[in-house]
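Student:
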Amino acid sequence: MSNVKTVSLLLAAIISISTGVAMAADYKQNPFTLTYDGAITENVKGKVNISSSHVQVEWHCYFSERLYPANYNPSNTYPAVVVAHPNGGVKEQVAGLYAQRLAEQGYITIAADAAYQGASGGLPRMWISRQNRMKIFMAWLILSLDHVGVDAGRLGLLGVCGGGGYSLKAAQTDKRF
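Quick note: the sequence shown, position 65, residue 1273 per this note's numbering, numbers continuous.
(1) Quick one: any contact between the stretch 1291-1310 and the stretch 1362-1379, if contact means 3 or more CB pairs under 8 Å?
(2) Taking contact to mean 3 or more Cβ pairs, one atom from each stretch, closer than 8 Å, check whether the stretch 1273-1280 and the stretch 1331-1349 are in contact.
(3) Please state whether DSSP places residue 1324 in a helix, a strand or coil.
(4) From 1343, 1312, 1321 and 1287, pick the residue whose C-alpha is nearest to that of residue 1361; which is it?
(5) When the Cα atoms are used, what is the spatial distance from residue 1378 to residue 1345?
(6) Does residue 1243 pass the burial test, meaning 16 or more other C-beta atoms within 10 Å, or should it be called exposed?
(7) Residue 1311 and residue 1256 look like a contact to me (Cβ under 8 Å); what is the Cβ gap, rounded to whole Å?
(8) Would you mind reading off the limits of the alpha helix (DSSP H) that contains residue 1392?
(9) Can you check the stretch 1280-1361 for any beta strand (DSSP E) of at least 3 residues that lies completely inside it and give the ranges in chain order?
(10) Confirm, please, whether the CB-CB distance from residue 1375 to residue 1365 is below 8 Å.
(11) Apart from the five residues just before and just after residue 1319, which ones in its own chain have a Cβ nearer than 6 Å to its Cβ?
(12) Could you have a look at residue 1276 and say whether DSSP puts it in helix, strand or coil?
(13) Which two residues bound the contiguous alpha helix (DSSP H) that contains residue 1243?
(14) In angstroms with no decimal places, state the Cα-to-Cα distance between residue 1347 and residue 1315.
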């Protein structure tokens, strides 16, 4: 086995061990329809909690899932991270996993379905457009800033797979990220 393959397999194993195995849980058994092992199953005081909402954005509406840090206090400020799912993914999968793990570390996180995907509105379904994704990131930024407790000086983006490229472009476009 080449050194590159060995290092790749080792890195994959480390990531799997440190983040849990994504897609392992039965989403039908989770009230938030989260799909990964260790997913939140209920809101418990002093732990990471989930609240959900629909937000109208120009041409469609999308379903937003917000994860809050443990022991959330609205009089305090917290860094915030918007987590973008892979192309074809939804917030209940890998984006939810990363959002939950970051929230456990004290960040306010937002994982939401992009337009035309998951619980978001828009036709045709599963349509991916760079221009629309950029509008969605700006909407997520505004949503972050509107939330009580978000430190406007500490906003970040985490894009997974296809969401990574859009995250980089959004960070180039809007320096608040």
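Every residue, glycine too, gets a C-beta built ideally from N, C-alpha and C.
Tutor: Quick look at the numbers:
(1) yes
(2) no
(3) coil
(4) 1287
(5) 7 Å
(6) buried
(7) 4 Å
(8) Given a span of 1209 to 1385 for the chain in the structure shown, any question on residue 1392 remains unanswerable.
(9) 1286-1292 and 1316-1320
(10) yes
(11) 1273, 1291, 1299, 1303, 1304 and 1307
(12) strand
(13) Counting along the chain, residue 1243 falls outside any alpha helix (DSSP H), and DSSP gives it neither H nor E.
(14) 19 Å
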